[in-house]
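The opening residue of the sequence shown carries number 0 in numbering that gives the first Met the number 0; numbering runs sequentially from there.
From the three backbone atoms N, C-alpha and C, an ideal C-beta is built for every residue, glycine too.
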Amino acid sequence: MSHVNESSPTEKGPLEEHEPDNATHQAHPAYVATGTGFLLGLWKPGQTLTTDVPQTLRDQVSLSAEDFISLVVLTVITLIARLWNISNPPEVVHEEAIIGSRINNYMTGRFFYDAQPPLVPMIYYYVANSLGYPGQFDFSRFNSYIGHVYPYFELRVFSALLGVAVVILTFLTLKLTGMGRRSATVGAIMVAFESSFVIQHRYIFAEPVSLFFLAVAVYLWKLLELQQPLGLKWHAVASLLGLTLGALVSSKTEGWYTVIGVFLASSYQLWWSFGDIKQRFPFVRFTFNAGFRAFYFYFIPYLFLAITTAVHLNMLPGTGEGTPFVSGQFQSSFINFPNEKVVSPVGIGSFISLRHVKTNVYLHSHDEFYKSGSRQQQVTGYGYRDLNNIWFVENVSVSAGNPHAEPFRPLSNEAYIKLKHLQSGRRLHTHDQRAPVTDNDYQYEVTAYGADGYPGDLNDLWQLEIVSTEPREGSSQKEWRALDTIVRLKHPLKKCYLFSHKVKLPIIGQQEITCANNGIDVNSYWYVETNYHPQHANVPDLPRVKYGVLSLMDRVNEYRDLMASTFEHLEKEKSNTYTHKGWLLPFLKQSIVIYRNHYRQVAVIGNFVVWYSVLGGLATYAAFKVYTLLALQAGWRDFSGMSGIKEMDHHVGGFTLLWFCHYFPFLFKDNTSLQEYLPALYFSILAAAKWLDYSSLLVFRRPKIVSLFYALLMALTISSFIFYSPFVYGTRMLSGQCKYLEFNNNQLWYLSCNTYLDTPEQYAEYDSQFANEINYHYEAPKDEEHIKATVVTTVDKANPTEFAFQKEKKNTGGENGADVRRFLKKYKKETKNSFVNIVNKDDKNDVVGIDASTDTKEDPEEDDIDKLDPEVESQLVIQWARITDSPSLVVDSQVAASAKSELEKKSQKSEEPSPNEE
0 MSHVNESSPT
10 EKGPLEEHEP
20 DNATHQAHPA
30 YVATGTGFLL
40 GLWKPGQTLT
50 TDVPQTLRDQ
60 VSLSAEDFIS
70 LVVLTVITLI
80 ARLWNISNPP
90 EVVHEEAIIG
100 SRINNYMTGR
110 FFYDAQPPLV
120 PMIYYYVANS
130 LGYPGQFDFS
140 RFNSYIGHVY
150 PYFELRVFSA
160 LLGVAVVILT
170 FLTLKLTGMG
180 RRSATVGAIM
190 VAFESSFVIQ
200 HRYIFAEPVS
210 LFFLAVAVYL
220 WKLLELQQPL
230 GLKWHAVASL
240 LGLTLGALVS
250 SKTEGWYTVI
260 GVFLASSYQL
270 WWSFGDIKQR
280 FPFVRFTFNA
290 GFRAFYFYFI
300 PYLFLAITTA
310 VHLNMLPGTG
320 EGTPFVSGQF
330 QSSFINFPNE
340 KVVSPVGIGS
350 FISLRHVKTN
360 VYLHSHDEFY
370 KSGSRQQQVT
380 GYGYRDLNNI
390 WFVENVSVSA
400 GNPHAEPFRP
410 LSNEAYIKLK
420 HLQSGRRLHT
430 HDQRAPVTDN
440 DYQYEVTAYG
450 ADGYPGDLND
460 LWQLEIVSTE
470 PREGSSQKEW
480 RALDTIVRLK
490 HPLKKCYLFS
500 HKVKLPIIGQ
510 QEITCANNGI
520 DVNSYWYVET
530 NYHPQHANVP
540 DLPRVKYGVL
550 SLMDRVNEYR
560 DLMASTFEHL
570 EKEKSNTYTH
580 KGWLLPFLKQ
590 SIVIYRNHYR
600 QVAVIGNFVV
610 WYSVLGGLAT
620 YAAFKVYTLL
630 ALQAGWRDFS
640 GMSGIKEMDH
650 HVGGFTLLWF
660 CHYFPFLFKD
670 NTSLQEYLPA
680 LYFSILAAAK
690 WLDYSSLLVF
700 RRPKIVSLFY
710 ALLMALTISS
720 FIFYSPFVYG
730 TRMLSGQCKY
740 LEFNNNQLWY
750 LSCNTYLDTP
760 EQYAEYDSQF
770 ANEINYHYEA
780 PKDEEHIKAT
790 VVTTVDKANP
800 TEFAFQKEKK
810 NTGGENGADV
820 RRFLKKYKKE
830 TKNSFVNIVN
840 KDDKNDVVGI
850 DASTDTKEDP
860 EEDDIDKLDP
870 EVESQLVIQW
880 ARITDSPSLV
890 VDSQVAASAK
900 SELEKKSQKS
910 EEPSPNEE
C-alpha cells in the first residue's frame, strides 16, 4: 500500500511489478471485501478468494502515535475555522427560523409537519431543552436574537462540533482504506476547509446533523469490511451501521441514496463471496449473509424511521399549524381537537361541508372571482375549517318551495342535487371553460354561479355516486351518510367529476378544484364531515357518527405519505433564484446568499480548489478505469503485479459509486441547488483522496516529491478558503475585492458584489454611525421570555364551523347561528317568486324550525337583511351582471325589469335614493 512507501522508500511502489506464479496465487488468495477491485473483478483470472480477513490488512490500518498527533492538529484547526466569531450575526439566518419554530412546536406540543423527516429538529430540541430554553422566542415576529432568550450561540456551537466530528471521521475512514498519514490528512483538510461545509456547520441547519450521520455510516461501512463475516464483531458493527443509516434517513430523505449505495456495494461483496471454495455449506452461508445484510441495512433503517416518526407524533399531541393537512381521523387523535358527533343521514335541505379524501381540503368558496376565464366566483380547496366551507343541499327544482317543510328523507345513490354556498348564495357550477391552472382538455373550471333570486341552470346539477360506505347497523349501504360514505359528484352534462389535486391557485395559494372526465379516481372522492338539518330535531333516534381514532401505526403511515407528497410538491415549486441544472452541480456554478445586512453577506459557496481537485480526481480515475478495462479485455497488460491496485480500485470505486448514487437523482433536474450536492461532494473528496494516494506515486515516484505535492495542495486549499472567508464569516469586504474573487465580475457565482462598499473609509463612517447594531450590544431579555411555554393540554375553543350546526346556538341569536338563519330566510323568499319577492316581510317567520319569538328580537341584525339600502341594491346589480346565458335556461329580461321596478318602489318607501338618482 502507498502509505508503506511514505515511511519506507526502498519498498516497491505501485509501478514496480512482479509476476507471481500459481503457487503464490494459491498461497495469497484475494480477500473478497477489498481485494476484488471495482467492476473489474480480480484483475487476474485464476486467483482464489477468501472471506477471511488477512492479518496484514488489520495491521496496516491501525493508528500510530503520529496519527493521533495529526488528529489533534486537525481538531484544533477545524475548531478555529468553525467557531471563529460564530455568534456573528446574532440574527435569524435562513433555515434557523424553520428549525427554531420546530423547537417551539416540540416545547408546546403543537403539531407540525415537514417535507423532511423529523430527527433533525428533534435533536436540536433536546439540546435547547437541556440548555433551559423556555420556548418563547417568536420566529414570526423577530429576526434578531438580541434581547431574547434563545440559546442560538450554544446551538451553533453544537452544529460546529458536529462539523469537527465529520473531519475526524474523514481521517479515520481514509485510514481504514489503507492510506498513509499524510494522504489521509490531505483528505481531512479538504473537508475541514471546504467553505460550503464550514458555513453549514456555523448555523442551526439540518445539514450538520445529516452530514455527521453520513460520515459515521461511511466509517462503519469501511470498518465492517475488516470484520470476519457473520462473526460477533461483524454483527456488532453491522447493527451500528444499520442504526446510523436509520438516523440518516430519519434526518433527510436523501439519506436513502446512501442506503442504496451500501446495498449495491454489499451485493457486490456477496457475489464474490461465492468464490471462497474453503467455506462449508456455501449456499446456506450465503443465505444467512444476505439475510442479515438485508436486516441490518434495510429493515433497521426503515424501523428506525418509523420509530422516530412515532416519537415525533407523540411529542406533538395538540393541534398546530400542520393540522389542516392531515385527515379528519388523524385530527381526532389530537387531545384538543373537538370531535363531536354529527347526524349521519344527509338529505335535501342539509347544511354540509365536503372534504376531499386524497388531499384533506374542504370544498370552499369565497367572494373573490377568477381573474380570467369565466370570471365567476372562485371555488377552491381550503385546508382550514371555515363557514365558507358550508354548502346547502338543494333539490333539483328550487321552485318546489321550502325543502324543510317536507319530512326529512336521506339521499341515496344516483340522486340529483344542487349545492348552494351558504355565505354567497351561489351554486356549485361547471361549464365548458378550461380549469384556472391545469391546462388540458379534460379538466373544466368549477365556480360558484348565480345571484340572489336566480333559479340556476342545468350546469348547477350534480349526480351523487356512492363509491363506498362504512357498514353500520340499521343503515342502508346506498344512503348518503356523513363520515361513512365516500362519494363522487358527477356533472350530467359534461360527464365529469368534481376533482381536486395538489395544484395551487396563484396569489391566494389555495388548492385548485376542477371537474375532470379523466384522471385518477381517488382525486374525485369526497365525504361529508359536518352535517346539519333543521328537521333533525324532529326525527327521533337518528344515527350519529364521529371520527374514529387512528392507531399509531396508521398515523405514522399517513404522516410519511404527507412528507412524501410535500417533498414532491416542493420539488416542483422550487424557486429558480439559487438553482441551476443538475448536471452542472460538480462545476460550482452558483452560490446561495443566506444573509445580507450592514453591507455584509454570508453566501454558501464552495472552495474552488477543493471542488476542481476532486473533479479532476474523478475524471482521471474514470480514464484509468476505461484504459484498464480495454487493456484487460485485449490482453495488453497484466495489472495483478502492481502493488495495492486491487485494494485502491475497490475503495475508490466504492466511494465513486456512493458519489454517483447521490449525484444521479439530480442529474437531469433543472432546479437543483448547491446544498443538495454536499453529500455527493463528501464522497467525491473521499474518492479523490484515495485515488490521489495511489496515483501520486505513479506520477511522481519519489515519496519526497509526493510530500511536497501534498503540502502544496493543502496550502492552496487553505489559501482559497481564506480568500473567500468574508463570504463565510460575513465580514467586511470591498466591492472591488469581491469582483476580483468572482473572476473580474463575470457573475460566475452571483455573489452580489454591489452589496459591499467601495472604500475602507465608507465602512468606517457607516460602522461609527451604527455602532450598536454592528457591535451587537445586547439588551436584557423581557421577563416573560423566561417563563416556560405552555404545553397544550385542553380542548381549544371550537371552530365556528362546529357552532354553525348547533340548534341551541341557532336559536339564541349567536353570530354563526344567525348565518344559517339568514340563509334559510333568504332561501325561502327566493323560492316564492324568483327574485321579485325577496323583500316580502309577510313570509318572515314561516321557516320551519325557526322560533318566531327569537328570530328578530334576539338577532337584531336580521332586519338588516331586508333593508334594501343602496349598498345592498348595488351588490344585487353586480351579482345579476355576472349572470350569463345558460345552456337551457335564459334569464327573462322582464323578470329583471320587474325586479328593478320592485327595488325602486322599496327605495321610495324607505326614503332612500335609487341607483338612477345616484
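Per-residue DSSP class, three states only, for residue i
| i | result |
| --- | --- |
| D757 | coil |
| T565 | helix |
| F586 | helix |
| T286 | helix |
| D66 | helix |
| L353 | strand |
| K494 | coil |
| T176 | coil |
| N810 | Only weak support exists for where N810 lies, its pLDDT of 38 falling under 50; the value from the coordinates is given anyway. Three-state DSSP puts N810 in a helix. |
| A205 | coil |
| A602 | strand |
| G317 | strand |
| N530 | strand |
| R433 | strand |
| W658 | helix |
| V466 | strand |
| L888 | Bear in mind that the predicted position of L888 carries a pLDDT of just 34, short of 50, making it unreliable; the figure below should be weighed with that in mind. Residue state, collapsed to three classes: coil. |
| R554 | helix |
| F368 | strand |
For residue i, the residue or residues it bridges with in DSSP
| i | result |
| --- | --- |
| Q442 | A515 |
| G346 | P409 |
| L418 | V392 |
| H363 | T379 |
| A447 | Q376, L427 |
| F136 | Partner(s): none; F136 has no beta bridge. |
| W525 | H355, V486 |
Cβ neighbour criterion (16 or more within 10 Å) applied to residue i
| i | result |
| --- | --- |
| S209 | buried |
| K571 | exposed |
| E511 | buried |
| K796 | The predicted model places K796 with a pLDDT of 41, which falls under 50 and marks its position as unreliable, so this point remains unresolved. |
| L130 | exposed |
| T758 | exposed |
| S349 | buried |
| E478 | buried |
| K703 | exposed |
| G634 | exposed |
| K370 | exposed |
| M552 | exposed |
| V342 | buried |
Closest residue to residue i among the options (Cα-Cα distance)
| i | options | result |
| --- | --- | --- |
| L118 | T529, L223, T286, T252 | T252 |
| P116 | L750, S373, T307 | T307 |
| N388 | Y369, R408, H355 | H355 |
| Y453 | K419, I85, N516, V445 | K419 |
| F303 | V521, L240, C514, F324 | L240 |
| F726 | V601, F294, S158 | V601 |
| A618 | L631, W658, I644 | W658 |
| N753 | H597, L629, Q632 | H597 |
| D366 | D692, G424, Q761 | G424 |
| I203 | L269, T176, A127, W270 | A127 |
| L750 | Q761, Y765, G729, P585 | G729 |
8 angstroms Cβ cutoff, residue i in contact with chain C
| i | result |
| --- | --- |
| L541 | Although the question refers to chain C, the structure presented lacks it and comprises just one protein chain. |
| Meets three-Cβ-pair contact criterion under 8 angstroms: the stretch 75–83 and the stretch 163–182 | Cβ pair count under 8 angstroms is three or more, so yes.
| message | Would the stretch 142–151 count as touching the stretch 192–199 if we require 3 or more Cβ pairs under 8 angstroms? | response | Too few Cβ pairs lie closer than 8 angstroms, so no.
| Taking contact to mean at least 3 C-beta pairs separated by less than 8 angstroms, is the stretch 408–419 in contact with the stretch 455–463? | Verdict: yes, contact present.
| Taking one C-beta from the stretch 96–109 and one from the stretch 314–321 each time, how about it: are there three or more such pairs within less than 8 angstroms? | Taking a cut-off of 8 angstroms for Cβ pairs, the stretch 96–109 and the stretch 314–321 touch, as three or more such pairs fall below it.
| request: Give a yes or no on contact between the stretch 375–383 and the stretch 490–507, applying the rule of three or more CB pairs nearer than 8 angstroms. | output: Taking 8 angstroms as the limit for Cβ pairs, the verdict is that the stretch 490–507 does touch the stretch 375–383.
| query | Would you say the stretch 281–299 touches the stretch 531–542, given that touching needs at least three Cβ pairs under 8 angstroms? | reply | Too few Cβ pairs lie closer than 8 angstroms, so no.
| field | the stretch 691–706 touching the stretch 580–589, judged by at least three CB pairs closer than 8 angstroms | value | Not touching, per the Cβ criterion.
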